Amino acid sequence: MRYLTDRKRAVGLGSAKTGVHHFWAMKLSSVALLVLIPLFVFTFGPMLGEPHEAVVAYFARPFPALVAALTMIVGFKHFSDGVRVMIEDYVQGGARKYTIIVMTCVSYGLMVTGLFAIAKIAL
Amino acid sequence: MADVNRGDRPLSPHLTIYRPQLTSITSILTRITGNALLLAAVLMVWWFLAAATSAEAFATADGVITSFIGDVVMVLSLWALWYHTLAGVRHLIWDTGAMLDVPSAERLGWAAIGGSVILTVITVIII
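Chains V and S supply the protein sequences, listed in that same order. Counting in my numbering, the first sequence runs from -18 upward without gaps. Counting in my numbering, the second sequence runs from 1436 upward without gaps.
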């Protein structure tokens, strides 16, 4: 008699061990970015080349600051998930794990640096 | 189960044996543009951090990002961003099960290439 249920024996055995979680995370962030990216391009873009005071005053306003902050969060999460797939396709063995760790750290590092900067300007 | 041929077995067909097709090129471009956007992302985060730090730090970062090379990187990244966005829309369409036949997929491919160039030109004109 088997003491493990069929479900227990199957969970975690799919090709990527986590079922459709990664796929769904990618879809969620891509749909969010579909809204955020145009907003970010047309708020951040006009500020490129503007004087320092103008940039600081602009990103102290709620809407540009919120768009920039959300774009940092969702964009770098999307990048982290996406670059992981590329690494899994092209890098083998131990190097694969180290590269994924490094790129995940880079993604979250950039995300939080950007958020810190926007918060400091906005508050 | 003695496997005398270990390490020397044929692998699945490699990319290089296929003739390049619009569907494969647009797929590869999606990956390249998505990952290459890291460069522009680093520049932008640096620009925001410099703006939050001091006028001198901002002058340095803004100087780099608005230099000739900075402009080239930002315009190419803008195209990469629009291309990756449209290619992403293409994937969202495919996820519904629609337009998966080759003629439709190729039409979407040309739409992503043409649309990204048009969007880039419009954005550069507006900004």
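We put the beta carbon where it would ideally sit given N, CA and C, even for glycine. Keep in mind that this is a model prediction, so the values were computed, not measured.
In chain order, Ile1562 make up the part of chain S whose C-beta sits under 8 angstroms from the C-beta of Pro27/V. Looking at the backbone, the Cα of Phe57/V and that of His33/V are separated by about 25 angstroms. Residues of the stretch 81 to 97 of chain V with a Cβ closer than 7 angstroms to any Cβ of chain S, in chain order: Leu91, Thr94 and Gly95. Tyr71/V: member of the alpha helix (DSSP H) spanning Pro43 to Tyr71, first to last residue. When 7 angstroms is used as the limit between beta carbons, Lys101/V is near these residues of chain S: Ala1487, in chain order. For the stretch 1465 to 1483 of chain S, residues whose beta-carbon sits nearer than 9 angstroms to a beta-carbon of chain V comprise Arg1466, Gly1469, Asn1470, Leu1472, Leu1473, Ala1476, Val1477, Met1479, Val1480, Trp1481, Trp1482 and Phe1483. Closest in C-alpha terms to Ser61/V, from the list Gly30/V, Ala41/V, Ala(-9)/V and Ile82/V, comes Ile82/V.
Glu34/V sits in a helix when the DSSP states are folded into three classes. Between Asp1497/S and Trp1514/S a beta carbon distance of about 22 angstroms is seen, past the 8 angstroms cut, so the two are scored as non-contacting. Closer than 8 angstroms at the C-beta level to chain S, one finds these residues of the stretch -10 to 8 of chain V: Lys8. Within 8 angstroms of the CB of Gly1523/S, the CB atoms of chain V belong to Ser11, Leu14 and Leu15, in sequence order along the chain. Taking 8 angstroms as the cut-off, the Cβ atoms of Leu17/V and Val36/V do not count as close.
Contact between the stretch 1500 to 1518 of chain S and the stretch 62 to 70 of chain V is absent, with fewer than three C-beta pairs closer than 8 angstroms. CA-CA distance, Ile1500/S to Met28/V, rounds to 12 angstroms.
Using a CB distance cut-off of 8 angstroms, Val22/V counts as an interface residue toward chain S. For Ile1500/S, at least one C-beta of chain V is nearer than 8 angstroms to its own C-beta. Between Phe40/V and Ala100/V, the CB-CB gap reaches or exceeds 8 angstroms. Secondary structure of Ser1489/S (DSSP, three-state): coil.
For Tyr1453/S, the three-state secondary structure derived from DSSP is coil. Against chain S, the CB of Val36/V has a partner CB under 8 angstroms away; the residue lies at that interface. The three-state secondary structure of Ser1502/S, taken from DSSP, is coil. In this structure, Gly26/V lies near Thr1558/S, with their beta-carbon atoms less than 8 angstroms apart.
Counting C-beta atoms within 10 angstroms of its own C-beta, Pro45/V has 16 or more neighbours from the protein chains shown and is therefore classed as buried.
Taken atom to atom, the span from the alpha-carbon of Gly1523/S to that of Met67/V is near 16 angstroms.
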